[in-house]
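Quick note on the working numbering: the sequence shown kicks off at 5 and runs consecutively. For reference, the structure discussed in these notes is given below.
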Amino acid sequence: MENNPLHQQIATMRQSFLDEEILNDQFIQLESMATEDDPAFAEDTVSLYFQETTKIIATLEEEFVKDPIDYNALEKCLHDFKGLCVSIGASKVLIEVNKARACCDNGNIEGGKAALEKVKVEQETLKAKLDSYFQLVKQS
C-alpha cells in the first residue's frame, strides 16, 4: 500500500503542512486517534473546530465594534480560540490569535482588529488545505 500513489500524495501533503508550519504534531496525534469504529475522527474534529471558530470570529467582530470595549469578553473569546487551535495543531492560526491577544492585553484595539483579519486569512488557508486533504483521504 505504501506504493499507492494516492497514499504517497496524502503523506506528502501532510508533511507539507508540518514543513510550512500550518499544522504541528498535534494534528498527527489527532489522526492517530482514528479507529475502525470512527475512521473519520480527525476530519470530524477539524469540522467541529471550524464550526466553533467561525462563531468565535463572528463574536470577536461584534466585540471589536462595541463602545466601550469589553476586554473580558475579548479575552474569553481569544482564550477559547487559542484552545481550539491547540486541539488540532493549527500553528499559523494560533500565532495570529496570540498576536490579537497581545494587542488586546495592551489596549491596542486597532492592532487587535488587524490581527483578527490575519486570523481570518490563516483560517481560510487552513480550511482550504484541510478540505483538499480530507478529500484525498476519503478517496484512499
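No residue lacks a Cβ here, since even glycine has one placed at the ideal position from N, Cα and C.
If we count the other Cβ atoms within 10 Å of its Cβ and call it buried at 16 or more, is residue i buried or exposed?
i	result
glutamate 121	exposed
serine 136	exposed
alanine 15	exposed
valine 141	buried
threonine 39	exposed
alanine 132	exposed
leucine 34	buried
glutamine 55	exposed
valine 125	exposed
leucine 145	Because the chain here runs from 5 to 144, residue 145 falls outside it and cannot be looked at.
alanine 190	What the structure shows of the chain is the stretch from 5 to 144, and residue 190 is not part of that stretch, so it cannot be assessed.
valine 69	exposed
leucine 52	exposed
On the three-state DSSP scale, how would you describe residue i?
i	result
threonine 39	coil
glycine 87	helix
asparagine 76	helix
glycine 115	helix
isoleucine 60	helix
isoleucine 92	helix
alanine 44	coil
valine 141	helix
Stretch-stretch touch, CB-based, cutoff 8 Å, three pairs: the stretch 71 to 87 with the stretch 12 to 29: These segments do not touch.
Do the stretch 92 to 101 and the stretch 109 to 116 touch if we need at least three Cβ pairs shorter than 8 Å? No: fewer than three Cβ pairs fall under 8 Å.
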